[in-house]
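In our numbering, the protein residues as written are 15 to 387.
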Ligand SMILES: Nc1ncnc2c1ncn2[C@@H]1O[C@H](COP(=O)(O)OP(=O)(O)O)[C@@H](O)[C@H]1O
Ligand SMILES: [Mg+2]
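Right, dumping it as structure tokens:
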């Protein structure tokens, strides 16, 4: 798929922006702080309902404005669709598809698909497990948009279960009457059900990704691998099917219950898992060099791209300011690998940062204006 037109209203630094787009490469070039990332962030938002830079929507709304609107005209084969999201921080966001407002924001998922490369990706390798969980879950949702519902069910159940555990922990500490814990059993079942579904998808994704990530790493940094992806669950076991994983989670929750009541928090489930990224025999986190970590992060993104493409609907590739971070060799390799993409959006501070093979449309971005260069 590709985006043929992007419109912004009160998004980040833009009061308004209208950007016609074509298939192939488009580069947004301009000095730092002029609004390049803001543009591609908007495209990413349509694909994930989130930003790759911030966890909440508030910073995405232009200072002084109440709401932001991101709209894109999207073409997939012969099909044209208009998708629109209205961001209302503190209130429910709204969505429209082909001007119909009878949809939830979550229904927009799957229309715009992106694989976004950004300097923030280094955190995939060096950062907390939460970064890697988010990476997996965003990709799961891109593969299968209905997983957005499972994710939000899981988050809701987890929150409610934690509230219950916190109350139980407080009651226990203050020597009050102990709580009736039968409600906890019900929450365990809900948590295990949504958790098992999420886990099954993560395990399948990791198994499918591993050879793709290994291949991408080899192309970026020949001889530097091999790369292996090891999913590290908080509820140990050999399960793979949803039923097996449900049983595994239920058993682990039962075992952890006493400790959970002491600490007042859910200690078992996909929200406590990690993905160990191995390079050779060692985990990349804590061992890999800066350059290796970068190659690893890029390899994960390239693998995501290969995966989504192989599964039918080619995503838009977004490369936000990544070339400046790479040495000349990896820069050329990455550029060659992404150049044939259906649509590639690149941002760079100067023309020289955009590799020669990525010729295409250029836009100059300056002080919130976007103009054909
Ligand atoms: N919510 C907002 N309201 C107004 N301006 C914003 C908002 N969020 C970010 N900005 C401004 O956008 C600019 C950064 O834009 P960005 O796209 O990240 O720049 P770059 O061209 O370097 O990628 C900064 O000047 C910042 O102050
Ligand atoms: Mg930027």
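In this text, a Cβ means the ideal position worked out from N, Cα and C, and glycines have one as well.
| query | result |
| --- | --- |
| Given that a residue counts as buried once 16 or more other Cβ atoms are within 10 Å of its Cβ, and exposed if not, what is residue 313? | buried |
| Run through the segment 132-198 for me and flag every whole alpha helix (DSSP H) of 4 or more residues, listed as ranges in chain order. | 136-140, 143-157 and 161-187 |
| Leaving out five residues on either side along the sequence, give the residues of the same chain with a beta carbon under 6 angstroms from the beta carbon of residue 236. | none |
| Are there any heavy atoms of ligand 2 lying less than 8 angstroms away from the beta-carbon of residue 335, as far as the coordinates show? | yes |
| For residue 361, write down the residues that DSSP places opposite it in a beta bridge. | 42 and 334 |
| Strictly closer than 5 angstroms from CB to any heavy atom of ligand 1: give me those residues in the order they appear in the chain. | 26, 27, 46, 47, 48, 49, 50, 51, 52, 76 and 77 |
| Please list the segments of the beta strand (DSSP E) lying wholly inside the segment 95-130, counting only runs of 3 or more residues, in order along the chain. | 108-111 and 114-117 |
| Which stretch, first to last residue, makes up the alpha helix (DSSP H) that contains residue 36? | No alpha helix (DSSP H) contains residue 36, which DSSP labels as neither H nor E. |
| What's the C-alpha gap between residue 50 and residue 124? | 24 angstroms |
| Return the chain-ordered list of same chain residues with a C-beta closer than 6 angstroms to the C-beta of residue 52, the five sequence neighbours on each side being excluded. | 26 and 27 |
| Express the C-alpha separation of residue 329 and residue 38 in angstroms, rounding to a whole number. | 12 angstroms |
| Measure from the C-beta of residue 129 to each C-beta in chain D and report whether the shortest distance is under 9 angstroms. | Here chain D cannot be found, since the structure has a single protein chain. |
| For residue 63, which option in 22, 100 and 335 has the closest C-alpha, if you only look at C-alpha atoms? | 100 |
| Tell me whether residue 128, by its Cβ, gets closer than 8 angstroms to a heavy atom of ligand 2. | no |
| Since residue 86 sits in a beta bridge, which residues does DSSP pair it with? | 20 and 97 |
| Tell me, which residues are paired with residue 383 by DSSP? | 380 |
| Since residue 261 is in the alpha helix (DSSP H), which residue starts that stretch and which ends it? | 256-277 |
| Under the three-state reduction of DSSP, which class applies to residue 375: helix, strand or coil? | strand |
| Please report the residue range of the alpha helix (DSSP H) in which residue 53 lies. | 50-62 |
| Span of the beta strand (DSSP E) holding residue 319? | Element bounds for residue 319: not the beta strand (DSSP E) but the alpha helix (DSSP H), 304-324. |
| Would the segment 321-340 count as touching the segment 98-113 if we require 3 or more Cβ pairs under 8 angstroms? | no |
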